[in-house]
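Notes follow once the structure below has been shown.
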Amino acid sequence: MLPDPARLSMLTSHPPMNAFLRHMARSTGASRLHGHSLETIQINLGARCTLECHHCHIGASPRRDEFMSAEILDDLLAQLPLAHCRNVELTGGAPELHPRFRPLVERLRALSLRVRVRTNLVIHLEPDMRTLAPFLRDHQVALIGSMPCYLEENVDRQRGEGTFRGSIEAIRRLNALGYGIDPQLPLDLVYNPGGATLPPDQTRLEAQYRLQLRERHGIEFTHLATITNMSIGRFRADLRRKGEEEAYQTLLEEAFNPQTLERLMCRHQISVRWDGQLFDCDFNLALGIPITTPEPRVSALASIPATRTIATGNHCLACSAGAGSSCSGALVA
Ligand code: SF4
Ligand code: SF4
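Residue numbers (our numbering): 17 to 349.
Quick look at the structure:
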């Protein structure tokens with residue numbers, strides 16, 4: 017028997033609510049999450065990285081070989097002026113490994129876009145990257161780098177042996193160029209918990225980081241961004257191994273904070289994957305959940321309505337727990 021068309025349409029237009037939407041509906045009455053305004057385009061240039069961190073939601077590593085092609089980059093550069101957004105964030109993997117990284121930065125700056133690069137920091141120590149930092153400084157590119165603790169042991173456990181010392185050396189070199197000191201050259205650091213807990217208060221932790229990194233290593237940074245681990249990728253595999261996945265999900269649900277909803281990053285940004293597919297955020301990108309518009313491709317970027325319906329899932333609870341979480345840190349004080 018063929019399904020009744022009215023019921024079929026109801027089922028397809030109202031899929032069962034995930035835990036995030038249930039909490040949102042309970043506190044706001046809204047059953048869907050919508051975008052607000054397009055402020056940032058996040059461009060994921062590829063999955064190769066010089067590191068292989070435990071918490072990496074992309075699963076990046078030195079063995080990955082996905083890179084954004086020249087054709088996709090050209091499509092993207094054609095769409096960006098039409099999309100009317102002010103900020104571009106380059107991410108990966110290690111975005112600096114993309115063969116057209118520097119020409120891309122030059123083109124983006126020529127379009128008067130503010131550019132921020134998510135860096136693993138230690139890339140600056142690679143022999144063929146000696147001129148990278150001066151190049152970034154000359155183009156006034158902002159940096160945000162992973163530094164999950166101010167203690168060597170904790171960083172090396174999460175990101176690989178020697179990463180802490182390498183990151184300190186990279187920050188020292190960046191400081192020498194003005195990064196983290198000159199307000200025009202921001203160098204933000206990213207903290208994420210080492211396990212299945214919520215991040216501590218961002219302002220207090222930032223003060224601790226500043227004190228510890230200054231006193232122990234004589235280095236400076238601009239701001240600290242605290243990010244909640246999302247139960248996807250390698251972090252999820254770790255949780256499963258330890259039998260902690262369910263408890264972590266419960267922790268996130270119990271910490272649901274409706275005040276974070278207004279500022280969720282997906283409401284103000286779109287992510288572009290190396291193959292030209294569009295996503296509401298980098299986490300949906302990692303999970304392969306594309307944007308819910310008829311043509312989720314980079315060639316249609318400028319025509320995507322700011323108020324699109326955002327594709328959500330249980331993983332969204334990590335963005336709305338406690339003080340909230342985004343690629344730029346906590347969402348509410
Ligand atoms: S530095 Fe970033 S992209 Fe590279 S493996 Fe670590 S978390 Fe993933
Ligand atoms: S995971 Fe992505 S889609 Fe979900 S709330 Fe966070 S930013 Fe939005």
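For every residue, glycine included, the Cβ atom is placed at its ideal position computed from N, Cα and C.
Grouping DSSP H, G and I as helix and E and B as strand, with all else coil, what is residue i?
i: Tyr166; result: coil
i: Leu6; result: Past the edges of the chain, shown from 17 to 349, lies residue 6, and the structure says nothing about it.
i: Arg230; result: helix
i: Glu270; result: helix
i: Leu152; result: helix
i: His50; result: strand
i: Arg80; result: coil
i: Asn60; result: strand
i: Glu260; result: coil
i: Asn34; result: coil
i: Ala241; result: strand
i: Ser342; result: strand
i: Gly45; result: coil
i: Ala110; result: coil
i: Leu333; result: helix
i: Gly292; result: coil
i: Leu27; result: Reliability fails at Leu27, whose pLDDT of 37 lies under 50, so the model's placement of it is uncertain and no value is given.
i: Gly161; result: strand
i: Ala212; result: coil
i: Gly196; result: coil
i: Arg175; result: helix
i: Arg252; result: helix
i: Glu142; result: coil
Tell me the residue span of the alpha helix (DSSP H) that contains residue i.
i: Ala99; result: 86-99
i: Ile361; result: As shown, the chain starts at 17 and ends at 349. That puts residue 361 outside it, with no answer to give.
i: Val157; result: Careful: Val157 lies outside any alpha helix (DSSP H) and carries neither H nor E.
i: Ser183; result: 179-192
i: Val121; result: 117-126
i: Asp298; result: 298-303
Specify, as a first and last residue, the run of the beta strand (DSSP E) that residue i falls within.
i: Tyr207; result: 203-207
i: Arg132; result: 130-135
i: Val314; result: It is not in any beta strand (DSSP E) - Val314 carries neither H nor E in the DSSP assignment.
i: Asn103; result: 103-107
i: Val348; result: From DSSP, Val348 is part of no beta strand (DSSP E); its letter is neither H nor E.
i: Ser287; result: 285-288
Is the closest heavy atom of ligand 2 to the C-beta of residue i under 7 Å?
i: Phe299; result: yes
i: Ile326; result: yes
i: Cys65; result: no
i: Cys335; result: yes
i: His52; result: no
i: Met281; result: yes
i: Asp296; result: yes
i: Cys332; result: yes
For residue i, is the beta carbon positioned less than 7 Å from some heavy atom of ligand 1?
i: Ala186; result: no
i: Gly109; result: yes
i: Glu68; result: yes
i: Cys72; result: yes
i: Ala302; result: no
i: Arg173; result: no
i: Asn245; result: no
i: Ser357; result: As shown, the chain starts at 17 and ends at 349. That puts residue 357 outside it, with no answer to give.
i: Asn136; result: yes
i: Ser183; result: no
i: Ser162; result: yes
i: Ala76; result: yes
Is it buried or exposed for residue i, if we count other Cβ within 10 angstroms and need 16 for buried?
i: Asn170; result: exposed
i: Asp13; result: Beyond the ends of the chain as shown, which are 17 and 349, falls residue 13; an answer cannot be given.
i: Leu49; result: buried
i: Asp296; result: buried
i: Thr135; result: buried
i: Asp298; result: buried
i: Pro164; result: buried
i: Ala337; result: buried
i: Gly304; result: exposed
i: Gln58; result: buried
i: Thr107; result: buried
i: Gly340; result: buried
i: Gln174; result: buried
i: Pro21; result: Low confidence applies here, because Pro21 scores a pLDDT of 41, under 50, leaving its location unreliable and the question unanswered by this model.
i: Gln218; result: buried
i: Glu231; result: exposed
i: Leu227; result: exposed
i: Ile105; result: Correcting the residue type first, residue 105 is Glu in the shown sequence and not Ile. Classification of Glu105: buried, given that the 10 Å Cβ count is 16 or more.
Would you please verify whether the beta carbon of residue i is less than 8 Å from any beta carbon of chain B?
i: Ala263; result: No chain B is part of this structure, which consists of one protein chain only.
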